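Here is the structure we will look at.
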Amino acid sequence: MESSARTCYYHEDGGEEEQCSNAMQLVNSSVLPMVMQAAVELDLLEFIAKAGPGAQLSPSEIASQMPTTIPGAPAMLDRILRLLASYSVLTCSVVDADDGHPRRLYGLAPVAKYFVRNEDGVSLGPLMALLQDKVFMDSWYALKDAVLEGGIPFNKVHGTHAFDYPARDPRFNEVFNKAMINHTTIVIKRILESYEGFEHLKQLVDVGGGLGVTLNMITSKYPTIRGINFDLPHVIQHAPHYPGVEHVGGDMFASVPKGDVHFYEGKFEFCRYP
1 MESSARTCYY HEDGGEEEQC SNAMQLVNSS VLPMVMQAAV ELDLLEFIAK
51 AGPGAQLSPS EIASQMPTTI PGAPAMLDRI LRLLASYSVL TCSVVDADDG
101 HPRRLYGLAP VAKYFVRNED GVSLGPLMAL LQDKVFMDSW YALKDAVLEG
151 GIPFNKVHGT HAFDYPARDP RFNEVFNKAM INHTTIVIKR ILESYEGFEH
201 LKQLVDVGGG LGVTLNMITS KYPTIRGINF DLPHVIQHAP HYPGVEHVGG
251 DMFASVPKGD VHFYEGKFEF CRYP
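Numbering (the UniProt record's numbering), first residue to last: 1 to 274.
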């Protein structure tokens, strides 16, 4: 490790040094999402946001709002927050404390707002929780075997497809649905702010529509549209009632209900998820 470090940091060629630095970042690339996930689970960004626009808090001030009495909590939080600041998720200022020692204060950088619950009560935090969930993470460890032996990594690890697995795991099903609700609400709201293509539709089928959040948002703005929310039976059974939306269970790879337009969202990226 020592000789490797010397190669990186004492090489006279600046280009080589930059390349080695980039390589070291790749080696540590798993750290950021895991730390970010911990920050979301601990509500660290929420604590800062509640302090008001432009506010900055110290790790001790944040720790005082958490359900912990561990003396070392502020120091651990400082390391988490400092890393997020290095990736411009947070801002960081250094001030002199009353005891004369410097202390760091952390605030929200612009990108952080997407991980703080907005006026609709949603954020990208639940989507991060889904992608960092052990169920999904375990499938990455089978990627090499899938290349050498064939098959889909997720299926190899869990014995079923990613869309079918939630029916077997209530905890993960809740994580999945929460992620889809939050992600859908954010994306569809932005679409409806500018897209006018739904205006003259009579019947819209959302293929893989989950709990029907998308169609509820669309039909709420365009009440003359009849929405058909189509998804797997184990998903539909948890879908709440929405005016103007009919929930239909089935398999999109077999057949889908008829409609003027069939709506497919980015959630189908999970079809190809390892």
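Just so you know, even glycine gets a beta-carbon here, dropped at the ideal spot from N, CA and C.
As the structure is a computational prediction, the values presented were derived from the model and not from experiment.
Following the DSSP letters along the chain, one finds Arg103 in no alpha helix (DSSP H) but inside the beta strand (DSSP E) bounded by residues 102 to 108.
Beta-carbon to beta-carbon, Asp260 and Lys202 are separated by about 6 Å, close enough to satisfy the 8 Å threshold. Here DSSP, grouped into helix, strand and coil, assigns Arg82 to helix.
For the alpha helix (DSSP H) assignment, the uninterrupted runs of no fewer than 4 residues enclosed by the UniProt domain "O-methyltransferase C-terminal" (140 to 262) are, from N- to C-terminal side, 143 to 149, 153 to 158, 170 to 194, 213 to 221, 233 to 236. In summary, Tyr106 is buried, with 16 or more beta-carbon neighbours lying within 10 Å of its beta-carbon over all protein chains present.
The three-state secondary structure of Val95, taken from DSSP, is strand. By the Cβ rule, the segment 119 to 129 counts as touching the segment 169 to 186, because three or more pairs are nearer than 8 Å.
Straight through space, the alpha carbons of Leu211 and Pro233 are spaced by roughly 11 Å. Membership of Leu124 in any alpha helix (DSSP H) is not indicated, and neither H nor E is assigned to it by DSSP. One alpha carbon belongs to Val187, the other to Thr219, and they sit about 16 Å apart. CA-CA distance, Asn155 to Gln56, rounds to 45 Å.
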